[in-house]
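I have placed the structure first, in the form of structure tokens, so that the comments after it can refer back to it.
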Ligand SMILES: NC(=O)c1ccc[n+]([C@@H]2O[C@H](COP(=O)([O-])OP(=O)(O)OC[C@H]3O[C@@H](n4cnc5c(N)ncnc54)[C@H](OP(=O)(O)O)[C@@H]3O)[C@@H](O)[C@H]2O)c1
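Residue numbers (my numbering): -3 to 283.
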């Protein structure tokens, strides 16, 4: 049975990557349940257009924007500060912004972009809004990731791919980072009423990797006919963000609404603690 149009009434949801693909479908589905949905976007005009599209489609006008370039630590901090000035209580944070780049591109702060947008922005934004999530408890964080973490390791000697950049290596490393962060934060949030879970959507027809060549771009183009729609790809994210079925569930990994097993490395507590420290230092957070 589909959720009722007011199942999420009164809940504030912040969704990153809300201007395209899986994030946009997630924002649409949460708006359809009556939530106040804040669309994380890097381009205000694009955000406004999506906001209007979602309002037209759902009849929900409780939509807002958080403008931040998640490739920039400074921009993320500014976007989060603007958000917090308007929303002292947050009930759902969905981290879904992400990208694939075939080449090493450096962020405004001199870091590697895949690492920053796919991993570090999850870490940073979550910490910036954590007090609001605690104020909104019971609340939920859902991290969208990918199912390639098992192929990854965290290369602390070359985290930013300065010595040798491999796009797939960078992508997989960022996804392993999502898992390590999710499990570590779940341990640290025990007893706070803030739940955090992670999911991966399988192959989804989105803008991911569009215009990027190389093996990954080729693979994405070849596999595209087999991929699911953004709505199907978002289903588990939306379920984890909103369903009473998973109330209180935390520190788990889900695929197609089923609990799944991630790699042994993703559960490595020492690795998680080391990545946590490096991430906090890079973000200038004293945790
Ligand atoms: N599609 C798949 O098959 C698949 C499978 C597994 C995992 N994933 C993961 O899902 C994420 C991508 O989502 P998608 O597939 O829905 O792709 P998408 O259609 O390209 O959407 C990506 C979203 O992230 C936003 N974004 C990218 N860089 C940003 C930045 N610097 N600051 C703020 N927002 C930024 C984009 O904003 P703009 O609209 O401004 O570009 C867009 O809203 C990636 O992490 C990917 O690894 C995707």
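In this text, a Cβ means the ideal position worked out from N, Cα and C, and glycines have one as well.
### Message
DSSP three-state label for residue 204, please.
### Response
coil
### Task
With residue 174 as the anchor, note down where its alpha helix (DSSP H) starts and where it stops.
163 to 184
### Message
Using a Cβ-based criterion (distance less than 6 Å to any ligand heavy atom), does residue 6 qualify as near ligand 1?
### Response
no
### Backbone CA spacing between residue 265 and residue 177 [nearest angstrom]
10 Å
### Query
Does the beta carbon of residue 311 fall short of 6 Å from some heavy atom of ligand 1?
What the structure shows of the chain is the stretch from -3 to 283, and residue 311 is not part of that stretch, so it cannot be assessed.
### Query
If residue 193 sits next to residue 245, beta carbons under 8 Å apart, how far is it from one beta carbon to the other, in whole angstroms?
6 Å
### Message
Relative to the C-alpha of residue 60, which candidate in -2, 79, 185 has its C-alpha closest?
### Response
79
### Task
Compare the Cα-Cα distances from residue 36 to each of 30, 29, 53, 24 and report the closest residue.
24
### Cβ neighbours of residue 279 in the same chain (closer than 7 Å, five flanking residues each side left out)
69, 116, 119, 120
### Task
Measure the alpha-carbon distance for residue 228 versus residue 161 and round it to whole angstroms.
33 Å
### Query
What three-state label does DSSP hand residue 100 in the structure shown?
coil
### Query
By Cβ distance, which residues of its chain are closer than 8 Å to residue 219, with the 5 residues on each side in sequence left out?
199
### Message
Tell me which residue opens and which closes the alpha helix (DSSP H) that residue 275 is part of.
### Response
265 to 279
### Query
Does the pairing of the region 161 to 170 with the region 92 to 108 give three or more beta-carbon distances under 8 Å?
yes
### residue 203 beta carbon near ligand 1 (any heavy atom closer than 6 Å)
yes
### Beta-bridge partners of residue 60, as assigned by DSSP
34
### Query
Sorted by chain position, which residues of the same chain lie with C-beta nearer than 6 Å to residue 272's C-beta, five sequence neighbours on each side aside?
180
### Task
Select from 72, 152, 21 the residue whose C-alpha is nearest the C-alpha of residue 51.
21
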